[in-house]
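In this text, residue positions in the sequence shown follow my numbering: the first is 6, and each later residue adds one. Positions of the beta carbon are idealized from the N, C-alpha and C atoms, including for glycine. This report refers to the structure that appears directly beneath it.
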Amino acid sequence: VAETTVTRGASVLATPRGESAAVTYLLHGGWRARVDLRHPAVGRALRIDGVVPQPVSAAVLDAIPEAPAIEPPRIPMAGSPGPPR
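Put into structure tokens, the structure is as follows:
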């Protein structure tokens, strides 16, 4: 059985055991925040590119308070033409 030790102040990517990596949480500072790894900007911003999420039981994740999800900002009218010159 693989074991992961978390030290104080460390951040860990975790996924519920038996789930796909699409359901991933960043554990940090006593909180868990859902992270969508399909958005490359999120991985780059958090510097977690290539980090493999550790499988964790759902009971452990449920015991950690949930923070808002970490996702890229929504930019109004992104992709629309700019104002005329």
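Taking the DSSP output, what are the residues bridged to isoleucine 75?
Val40
Return the CA-CA distance between glycine 87 and proline 78, expressed in angstroms with no decimal places.
One Cα belongs to glycine 87, the other to proline 78, and the distance between them is close to 19 Å.
In three-state DSSP terms, what is alanine 27?
coil
When you compare each of Gln59, Ala72 and Val17 to serine 25 by their alpha carbons, which one comes out closest?
Gln59
Do arginine 37 and isoleucine 69 have their C-beta atoms within less than 7 Å of each other?
yes
On the criterion of 16 or more Cβ atoms from any shown chain inside 10 Å, does alanine 63 qualify as buried, or is it exposed?
exposed
Alpha carbons only, please: which of Val65, Arg52 and His44 is nearest the one belonging to alanine 19?
Val65
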